[in-house]
Amino acid sequence: MSGMAHDLVITGGTVVSPEQGRFEADVAADGETISAIASPGSLDGETTVDATGNYVLPGAIDPHTHHGIYRGLEADAESESRSDLVGGITTIGNYFRRAGSYREIMADYFAEAEPNYYHDYFFSLGLLSYDHVEEIPYIVDELGITSFKWYMNYKYTAAEKFGIDCEMKDDWADAFIQALADQDVPTTLGYHSENVEITNARGDNPYLDTEIDEDQEYRDYEVLVEQFPGYAEAQSMVAGSSLARQHGYDDDFYAVHVSSGRTADELATLQDAGYGVTGETCTHYLTLTTEACDERHNVNPPVRSAEDQETLWERVADGTISCIGTDHCANLAEDKIGEDVPDSLPGFPSSATMLPLMLSEGVDQGRISLERAVEVTSTNTAKAFDLYPKKGSIRVGTDADLVVVDLDETKTVTPELLKGAADYSPYEGRDVTGWPAQTVVRGQLAYDRGEVVGEKGHGTHIDRPI
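Below you can see the structure in the form of structure tokens.
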């Protein structure tokens, strides 16, 4: 390749690959794909990124976001994908749920998304009714969407919340798991683990509108932890996994946002027994504890104890938990903050801090290796959602989604740094070590040392199967 000018070359860096370890190399992109990986200093590019002293990773993938949940999809696609570039995110999965027919409504949502994303994205659709079950073949074959979500938190309340004729009981779940297992292409089912018969009995149902009693004493974060105990999550995860296994679907069963150490341990037990279940946790469960949380951190499941956190890190390190997500929601502080913690809006913005936090609290603190960080923030996620090797790898012919990281750079988290729509961050004021210097999305330099230089609309939906 000597003497040939490529569209873009990253030179002088150390490439990190879970399959091949670390090696010094130049990486070239022509058009949207990686075109060459060669000896250091051997490639020339029309655009050159000097990565000397830094590491070149596959672009990070946040599989667990909720774009469009509070502000509309068009707005979130633009602001949140712009923010993601700061944190080295090059692809997101959007858990998206609507009560109506996906056959009828998705064209409009694609029209909102396509002109506005800076990076690539894929939808994972929430299944809420028997009508949705019947639409699965169309969704897979015509929309190119192969991942779905089972919301155990809406069991019994879906009819009132969404105005549908379905209570999302286990007979309905049994029907859609069979439908997914019958598809001719690989699919993925994200599962929100929660035994609502336990959690609803321990407090107000957070999924229905309830008025705050004026005489109610202030309720702190511990109230959330008490209402949503870890064992209710663990029991539900085991039950859901078991139902999937009855239909030979456990290899495609994906337990989202594991928050409890007990759940992580049960996941390990299932895997030891031969279950193919994939586990995901989120950065807030790895980096925050109950005592540090306030109204900004209302999320379900809630942030738990330091003991839970320690177990989660151990399970990330030993391979039990394979993927990291964020449960990202874009909202403003005036909408987020309520009268007390349970009254505050659930969800917060966090995609842009996903990779930096894993580098800072994981790699820098010696909890996991850099290679493991790449696995759980990119490669494993691409495999779980059937994007690999198009995404999550550094190989000739794959998408040129790359992030150059400086493991020594420390920044203090602020909303201004993250460049998203939110005017707050759950990590605001925290010093984090390990940040992207550059982010490349399908061959386009999209973020360069503090500046977003990519083009809105460059991102596109990833039709699956690949």
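Counting from 62, one number per residue, gives the positions in the sequence shown under the numbering used here.
All C-beta atoms in this analysis are idealised placements derived from N, C-alpha and C, irrespective of residue type, glycine included.
For residue i, write down the residues that DSSP places opposite it in a beta bridge.
i      : result
Ala86  : Gly74
Asp469 : BP columns for Asp469 are empty, so no partner.
Thr348 : Thr348 pairs with nothing; no bridge assigned.
His253 : Tyr212
Phe446 : For Phe446, which the question treats as bridged, DSSP gives no partner whatsoever.
Pro119 : Leu463
Ala66  : Asp105
Tyr315 : Gly251 and Thr339
Secondary structure at residue i, three-state DSSP: helix, strand or coil?
i      : result
Lys210 : strand
His308 : coil
Thr440 : helix
Lys451 : coil
Ala391 : coil
Glu400 : coil
Ala112 : coil
Gln505 : strand
Asn177 : coil
Phe237 : helix
Glu341 : strand
Val493 : strand
Val194 : helix
Lys282 : The displayed chain sequence assigns Tyr, not Lys, to residue 282. Note: Tyr282 maps to helix in three-state DSSP.
His4   : Any property of residue 4 remains undetermined from this structure, which presents the chain solely from 62 to 527.
Pro124 : strand
Gly546 : Because the chain is modelled from 62 through 527, residue 546 falls outside the range shown and cannot be assessed.
Ala482 : coil
Ile527 : coil
Ser366 : coil
Val513 : strand
Could you tell me the distance, in whole angstroms, from the CA atom of residue i to the CA atom of residue j?
i      : j      : result
Ala401 : Asn361 : First, the residue type needs correcting, since residue 401 is Asp and not Ala in the sequence shown. Answer to the nearest angstrom: the Cα atoms are 15 Å apart.
Val299 : Leu328 : 8 Å
Asp91  : Ala461 : 9 Å
Phe184 : Gly149 : 20 Å
Phe223 : Ala160 : 6 Å
Gly291 : Thr324 : 7 Å
Ala482 : His308 : 42 Å
Leu118 : Leu416 : 11 Å
Asp226 : Thr218 : 11 Å
Ser486 : Asp312 : 35 Å
Leu418 : Ala220 : 38 Å
Leu347 : Ile98  : 34 Å
Ala136 : Lys480 : 13 Å
Arg143 : Thr94  : 21 Å
Glu141 : Pro198 : 30 Å
Tyr252 : Gln505 : 34 Å
Arg280 : Asp396 : 18 Å
Ala391 : Leu134 : 10 Å
Lys216 : Leu304 : 16 Å
Leu285 : Pro403 : 7 Å
Val464 : Arg503 : 11 Å
Thr126 : Tyr156 : 6 Å
Taking C-alpha atoms, which residue in the options lies nearest to residue i?
i      : options                           : result
Gln499 : Leu204, Gly511, Pro450 and Glu489 : Gly511
Asp369 : Glu352, Cys384 and Asn359         : Glu352
Val317 : His389, Ile429 and Glu278         : His389
Thr414 : Glu195, Lys444, Gly251 and Ile122 : Ile122
Val493 : Gly458, Thr344, Ser96 and Ala334  : Thr344
Ser320 : Asp333, Ala334, Thr350 and Ser303 : Thr350
Glu287 : Leu69, Ser297 and Thr260          : Thr260
Val201 : Ile455, Phe171 and Pro247         : Pro247
Ser162 : Asn155, Tyr179 and Ser190         : Ser190
Lys517 : Phe84, Asp181 and Ile153          : Asp181
Val194 : Asn214, Asn155 and Ala234         : Ala234
Arg158 : Glu175, Ile130 and Ile197         : Ile130
Leu241 : Thr207, Glu375 and Asp379         : Thr207
Tyr449 : Ser103, Arg365 and Thr152         : Thr152
Ser297 : Met213, Gly251, Thr372 and Leu285 : Met213
Gly74  : His67, Cys384, Asp68 and Arg83    : Arg83
Would you say residue i lies against chain C (beta-carbon separation less than 8 Å)?
i      : result
Phe171 : Considering every chain present, this structure includes no chain C. It has just one protein chain.
Tell me whether residue i is buried or exposed, calling it buried when 16 or more other Cβ atoms sit within 10 Å of its Cβ.
i      : result
Pro363 : buried
Ala367 : exposed
Lys452 : buried
Tyr81  : Checking the displayed sequence, the identity of residue 81 turns out to be Gln instead of Tyr. By the 10 Å Cβ count, Gln81 comes out exposed.
Phe314 : buried
Thr271 : In this prediction, Thr271 scores a pLDDT of 49, lower than 50, which makes its location untrustworthy; the coordinate-derived value is nonetheless stated afterwards. Flag for Thr271 reads exposed.
Asp230 : It is worth fixing the name first, because residue 230 is Lys in this sequence and not Asp. Lys230 comes out exposed.
Glu176 : Strictly speaking, residue 176 in this sequence is Pro, with Glu absent from that position. With fewer than 16 other Cβ atoms within 10 Å, it is exposed.
Gly102 : exposed
Ala86  : buried
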